[in-house]
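Protein chains in written order, with our numbering: chain A, 753 to 965; chain B, 2 to 475. No residue lacks a Cβ here, since even glycine has one placed at the ideal position from N, Cα and C. Heads up, the thing below is written out as structure tokens.
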Amino acid sequence: MKAFDQEHGIVVPIDQANVDTDAIIAKQYLKSIKRSGFGPHLFDNWRYLDPGGPDGDNAGRRINPDFVLNQPRYQGASILLARENFGCGSSREHAVWALDDYGIRAVIAPSFADIFYNNCFKSGVLPIVLSEQTVAALFVQVLAEEGYRLRVNLPQQTVTTPGGDAFAFEVGTFRKQCLLQGFDDIGLTLQHAEAIRDYERRRREQVPWLFEQ
Amino acid sequence: MPGKTLYDKLWEQHVVHQEDDGTTLLYIDRHLVHEVTSPQAFEGLELAQRRPWRTGSVLAVSDHNVPTTEERRGGIKDAVSRLQVDTLDANCDAHGITQFKMNDPRQGIVHVIGPEQGATLPGMTVVCGDSHTSTHGAFGALAFGIGTSEVEHVLATQCLLTKKSRNMRVAIEGELPGGITGKDLVLAVIGQIGTAGGTGHTIEFVGSAVSALSMEARMTVCNMAIEAGARSGLVAVDDKTVAYLAGRPFAPRGDQWERACAAWQDLHSDVDAVFEKEVVIDAGAIEPQVTWGTSPEMVLPVSASVPDPGAESDAVKADWMRKALAYMDLPPGKPLQEIAIDKVFIGSCTNSRIEDLRAAAEIVRGRRVSSQVKLALVVPGSGLVKQQAEAEGLDQLFREAGFEWREPGCSMCLAMNADRLEPGERCASTSNRNFEGRQGHGGRTHLVSPAMAAAAAIAGHFVDVREFGGERLQ
Ligand code: SF4
């Protein structure tokens with residue numbers, strides 16, 4: 753997993769509640785058997801005015817100038833600001849891969865859908881929950897100031913505005929450590945291989961029918 | 002100490018190890034795999050030179066990408082889709098994983114075939130790289146969707162790193178009126194609690210209306226728990242659960258079956274169990290449901306009209322409604338029954354089981370699809386559902402009415418194959434998501450029950466199925 757420590761970057765606002773993973777990465781791009789290359793299709797249905805093909809070539813497509821990702825002031829953004837229930841719907845991890853591939857390192861929202869929230873950590877993208885009021889205030893600031901940047905500090909668990917206001921956020925200690933160190937989850941779990949085998953031995957006695965196939 | 006919920010019991014039985022902050026290593030009994038969310042997981046395994054921990058726990062099938070036309074007997078023409086399906090085949094062959102290949106009669110949508118095969122059993126933990134894994138909770142199994150990295154994790158370790166959710170109970174009391182199905186019930190629940198209503202929770206569906214539901218309808222309800230924000234939906238085990246599973250290919254046999262049935266008797270919440278969140282819904286008041294917007298919570302009874310964002314006091318919500326109505330091209334105040342449709346899709350892991358097809362067939366019997374409707378599709382959930390329907394003559398009823406009768410797969414639920422909406426087209430669909438572009442770029446989806454979709458196909462617009470001979474349906 754990619755490690756995360758701090759990020760100081762341009763913020764792009766997606767001002768809509770309940771943004772679903774179909775919107776983040778449209779299904780025609782799920783046919784890829786790779787993990788990379790999804791960035792050019794992040795928010796594809798909103799970024800382009802015409803549908804794209806699965807070959808992934810964006811040349812010649814009509815760009816939607818109104819969509820934030822196409823506006824010059826948000827180019828190079830690494831922090832995404834969103835509304836409640838971000839990432840709802842399909843479990844597709846491709847949504848996180850698309851954000852990551854595009855260059856987004858952290859997503860700030862008042863709430864996230866559960867599966868999306870989990871998936872973020874696997875690619876080293878940090879999902880940050882701040883209160884609805886705070887997020888609303890950040891939206892106002894981002895829209896008001898071109899080149900607006902936030903500083904995300906994982907060790908201290910804070911998001912700091914250019915004006916110096918710092919907001920604390922929660923993150924589980926286990927996940928935090930994994931993210932800071934860039935640990936491989938599977939490697940960590942396999943350290944418990946003996947415990948898994950013990951468990952299996954016990955379960956096999958209690959519920960043998962679950963181990964028949 | 003208060004009693005335990007069904008979720009508490011299932012969770013505790015599967016804990017292998019727990020960190021101080023609650024992060025838990027949870028043991029996984031059944032791993033369902035499909036072609037879209039698994040290739041990167043298998044690739045990851047190979048790169049790290051790891052092997053699957055217990056291949057016997059895995060059951061794989063291609064469903065999302067497969068064509069639903071007869072031509073698939075000769076293989077998939079589209080090279081990109083074919084590569085994904087071939088990759089799953091190769092991965093399963095390489096690791097000795099049980100798989101139903103595309104033209105195997107047991108192939109179908111992963112959430113239809115798990116229960117159909119008895120591969121989903123009470124008391125199990127069931128995962129799949131697919132959010133609608135919640136479907137399997139209808140059997141008193143703890144079932145939830147995972148991402149691709151987690152697919153790799155489960156393959157490699159038979160465990161998942163996760164945290165416990167909170168307990169939520171949705172009680173549906175009373176009797177569903179005739180013509181009102183599990184689909185209407187779950188849409189009404191989502192309409193009431195919203196698509197984030199169950200976030201962070203596991204929802205157990207209880208109450209007399211849920212007990213009265215068939216296993217198929219319980220699967221429909223749990224299927225859409227994810228649309229209510231919950232990763233898992235649950236229904237306690239009862240006689241119907243046991244009767245459904247008896248004799249299924251993967252179900253235990255002989256004295257193992259007896260032992261299993263005895264163990265399953267405990268798979269219900271204790272009477273004094275505590276739920277952090279509770280909702281009670283009156284089954285008798287539920288009408289046939291139709292979604293009008295781009296989120297499953299944007300749903301109303303068929304007798305209602307398109308709502309007015311101007312009447313919404315919450316500004317963010319009003320804005321969201323306006324965007325949805327612009328996308329759906331619907332004016333506020335328009336009666337839902339006056340919305341004309343272009344296409345009809347009866348299928349998906351929500352509503353493609355035999356009971357769904359029977360209900361829809363009952364409505365179309367002796368009638369014709371409206372000339373306004375360009376395409377009406379019936380896509381059975383599995384090859385075995387298809388065989389059963391054909392044995393009952395349902396395919397004939399659909400064909401005579403002007404429906405196309407297809408091979409099993411996800412099809413127009415997410416339009417990864419050739420079955421899709423063109424920009425601007427409007428569809429009455431029995432699937433579970435009405436997101437922008439879900440059924441095709443620019444396509445407009447209205448979620449309904451199978452009977453409602455069938456009636457809309459005949460009328461060319463939404464109608465109350467109860468005025469269409471549907472009041473007799475269960
Ligand atoms: S039918 Fe639709 S919702 Fe169900 S698994 Fe297939 S794509 Fe997903």
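First through last residue of the alpha helix (DSSP H) which encompasses residue i
i: serine 150(B); result: 149-158
i: glutamate 217(B); result: 216-224
i: histidine 112(B); result: 111-118
i: tyrosine 1007(A); result: What is shown of chain A runs 753 to 965, which leaves residue 1007(A) out entirely.
i: arginine 485(B); result: The question about residue 485(B) has no answer here: the residues shown for chain B are numbered 2 through 475.
i: threonine 242(B); result: 240-246
i: glycine 192(B); result: 183-194
i: threonine 38(B); result: Looking at the DSSP string, threonine 38(B) is not in any alpha helix (DSSP H), and its letter there is neither H nor E.
i: glutamine 758(A); result: No alpha helix (DSSP H) contains glutamine 758(A), which is instead part of the beta strand (DSSP E) from 758-766.
i: leucine 7(B); result: 7-13
i: threonine 773(A); result: 773-776
i: alanine 325(B); result: 316-329
i: valine 300(B); result: Here valine 300(B) belongs to no alpha helix (DSSP H); instead the beta strand (DSSP E) covers 300-302.
Pair within 9 Å by beta-carbon distance, residue i and residue j
i: aspartate 185(B); j: glutamine 290(B); result: yes
i: isoleucine 762(A); j: glycine 924(A); result: no
i: valine 152(B); j: glycine 138(B); result: no
i: threonine 773(A); j: serine 863(A); result: no
i: cysteine 411(B); j: valine 81(B); result: no
i: glycine 183(B); j: leucine 161(B); result: no
i: leucine 481(B); j: valine 345(B); result: With chain B covering 2 to 475 only, the question about residue 481(B) has no answer from this structure.
i: leucine 11(B); j: alanine 142(B); result: yes
i: histidine 760(A); j: valine 892(A); result: no
i: glutamate 408(B); j: glycine 441(B); result: no
i: threonine 1(B); j: isoleucine 147(B); result: Given a span of 2 to 475 for chain B in the structure shown, any question on residue 1(B) remains unanswerable.
i: serine 279(B); j: serine 304(B); result: The amino acid at residue 279(B) is misidentified as serine; the sequence shows glutamate. Cβ distance not < 9 Å, so glutamate 279(B) and serine 304(B) don't count as in contact.
i: phenylalanine 838(A); j: phenylalanine 790(A); result: no
i: glycine 4(B); j: valine 236(B); result: no
i: threonine 431(B); j: leucine 415(B); result: no
i: glutamate 405(B); j: leucine 422(B); result: no
i: threonine 24(B); j: lysine 164(B); result: yes
i: asparagine 822(A); j: arginine 799(A); result: yes
i: asparagine 797(A); j: serine 296(B); result: no
i: serine 233(B); j: serine 166(B); result: yes
i: leucine 851(A); j: isoleucine 948(A); result: no
i: asparagine 482(B); j: threonine 69(B); result: Since the first and last residues shown for chain B are 2 and 475, residue 482(B) lies out of range.
i: methionine 299(B); j: glutamate 313(B); result: no
i: isoleucine 860(A); j: valine 820(A); result: no
i: valine 34(B); j: leucine 27(B); result: no
i: glycine 348(B); j: methionine 453(B); result: no
i: aspartate 239(B); j: serine 212(B); result: yes
i: glycine 471(B); j: alanine 456(B); result: yes
i: proline 381(B); j: glycine 97(B); result: no
Residue i - containing beta strand (DSSP E), residue span
i: glutamine 19(B); result: 16-19
i: alanine 359(B); result: The sequence given here has arginine at residue 359(B), not alanine. Here arginine 359(B) belongs to no beta strand (DSSP E); instead the alpha helix (DSSP H) covers 355-365.
i: lysine 874(A); result: Here lysine 874(A) belongs to no beta strand (DSSP E); instead the alpha helix (DSSP H) covers 866-874.
i: threonine 25(B); result: 25-28
i: glutamate 423(B); result: Neither: glutamate 423(B) is in no beta strand (DSSP E) and is coded neither H nor E.
i: valine 345(B); result: 344-347
i: valine 281(B); result: 278-283
i: phenylalanine 145(B); result: 143-146
i: glycine 234(B); result: 233-235
i: phenylalanine 206(B); result: 202-207
i: methionine 169(B); result: 167-174
i: valine 275(B); result: Here valine 275(B) belongs to no beta strand (DSSP E), and DSSP marks it neither H nor E.
Distance cut-off 8 Å: residue i Cβ against heavy atoms of the ligand FMN
i: serine 135(B); result: The ligand FMN is absent from the structure shown, which contains only the ligand SF4.
Within the segment 905-957 of chain A, ranges of the beta strand (DSSP E) (whole runs, at least 3 residues): 910-912 and 918-920
Segments assigned beta strand (DSSP E), at least 3 residues, entirely inside the segment 876-907 of chain A: 878-881 and 901-905
Cβ contact check for the segment 161-181 of chain B and the segment 197-211 of chain B: 3 or more pairs under 8 Å: yes
Contact the segment 862-880 of chain A vs the segment 814-824 of chain A: 3+ CB pairs below 8 Å: Fewer than three pairs of CB atoms, one per stretch, sit closer than 8 Å, so the segment 862-880 of chain A makes no contact with the segment 814-824 of chain A.
Ranges of the beta strand (DSSP E) found wholly within the segment 42-110 of chain B, counting only runs of at least 3: 59-62 and 99-101
Three CB pairs or more closer than 8 Å across the segment 83-98 of chain B and the segment 948-961 of chain A: no
Length at least 3, wholly inside the segment 441-475 of chain B: the beta strand (DSSP E) runs in chain order: Within the segment 441-475 of chain B, the complete beta strand (DSSP E) runs of at least 3 residues are 445-448.
Any alpha helix (DSSP H) of 4 or more consecutive residues that is wholly inside the segment 792-832 of chain A: 796-799
Cβ contact (3+ pairs, closer than 8 Å) linking the segment 247-254 of chain B and the segment 115-125 of chain B: yes
Cβ pair count under 8 Å reaching 3, the segment 194-201 of chain B against the segment 219-231 of chain B: yes
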